[in-house]
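Down below is the structure, laid out as structure tokens.
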Ligand SMILES: Cc1cc2nc3c(=O)[nH]c(=O)nc-3n(C[C@H](O)[C@H](O)[C@H](O)COP(=O)(O)O)c2cc1C
Ligand code: SF4
Ligand code: SF4
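Numbering (the working numbering), first residue to last: -10 to 239.
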């Protein structure tokens, strides 16, 4: 059976994971909650967004701690700037002695939109094109086609990736909540690292953020703001059920 492991803030990776399950079968497992043994599965498929030109912290940690000789397939998705993320992911798997077969990338709507707004037409266009690309990604996994990711000739991205990673844990300290917050506490429930608390009647952000932006995009009142900016655009993938982000599907 396929183990389809995913991390997702706004549902783009979940959408891809669901497509893979529909075509190839298997169980969908949410990486931050997974406590089992990946070796239980015959094939391991990891679906993850790209964060700052590389792997999100929680996915990086998950792969670094994996022990398995089972075939491993990685499907990354991003807003269009993959940089050397496929190489980082491939290299990490090789270093850990994992049986990496392929690292593929799908373009999905950009969610790192703290300081700019993605035009609606651009989001729609990317969503319209995604199924075709996902189909070819699934075919590569189905056929067990090996894809070797060579070392990039010029590597200006590694320093940026490593530098950004050093600061991610501080991102949420730039968040605050507006008077639209109705204390529903959803942000506390969905944060994958328990970085949000309710103290003295208000929402407080700690210093162990992994910069996933789940809280920012999925607050029903759009009450979480970055650096006090009052922009209102938020994104949740329209083709999944939001309640399934963070859940397993057997
Ligand atoms: C902290 C952070 C960093 C990101 N960095 C990149 C990046 O380097 N390149 C890129 O193309 N997209 C980047 N993105 C966009 C996401 O990779 C993309 O929107 C992805 O589809 C989100 O998937 P999800 O909804 O499953 O979390 C970033 C998003 C976040 C939250
Ligand atoms: S999800 Fe939004 S409305 Fe609910 S407690 Fe958090 S900030 Fe307030
Ligand atoms: S505080 Fe928000 S952005 Fe940071 S890890 Fe938690 S949910 Fe993600």
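Idealized CB from N, CA, C, for every residue including glycine.
What does a CB cutoff of less than 6 Å around residue i pick up in its chain, not counting 5 residues either side in sequence?
i: residue 68; result: 99
i: residue 107; result: 99
Tell me, to the nearest whole angstrom, how far the beta carbon of residue i is from that of residue j; I am working on the premise that it is less than 8 Å.
i: residue 33; j: residue 48; result: 13 Å between Cβ atoms; not a contact.
i: residue 19; j: residue 190; result: So it is not a contact: roughly 31 Å between Cβ atoms.
i: residue 72; j: residue 51; result: Residue 72 to residue 51, Cβ: 21 Å. No contact.
i: residue 229; j: residue 16; result: Not quite, the Cβ-Cβ distance comes to about 17 Å (not below 8 Å), so this is no contact.
What are the boundary residues of the alpha helix (DSSP H) that includes residue i?
i: residue 127; result: 109 to 131
i: residue 147; result: 146 to 156
i: residue 175; result: 175 to 179
i: residue 205; result: 203 to 207
Could you pull the DSSP bridge partners for residue i from this structure?
i: residue 80; result: DSSP, once it has assigned bridges, lists no residue as partnering residue 80.
i: residue 165; result: 214
i: residue -8; result: 16, 33
i: residue 188; result: 191
Who are the near neighbours of residue i in its chain, counting only those whose CB is closer than 7 Å to its CB and skipping five residues on each side?
i: residue 225; result: -1, 0, 206, 207, 231
i: residue 5; result: 36, 64, 66, 95, 123
Since residue i is in the beta strand (DSSP E), which residue starts that stretch and which ends it?
i: residue 12; result: Element bounds for residue 12: not the beta strand (DSSP E) but the alpha helix (DSSP H), 1 to 13.
Among residues of its own chain, excluding the 5 on either side of residue i, which ones have a beta-carbon nearer than 8 Å to its beta-carbon?
i: residue 221; result: 211
i: residue 187; result: 172, 174, 177, 193
i: residue 215; result: 103, 104, 163, 164, 205
Item to complete: Could you name each continuous beta strand (DSSP E) segment of 3 residues or more that falls completely within the region 19 to 100, going from the start of the chain to the end?
Response: Those beta strand (DSSP E) runs which fall completely within the region 19 to 100 and span 3+ residues are 32 to 38, 60 to 67, 88 to 96.
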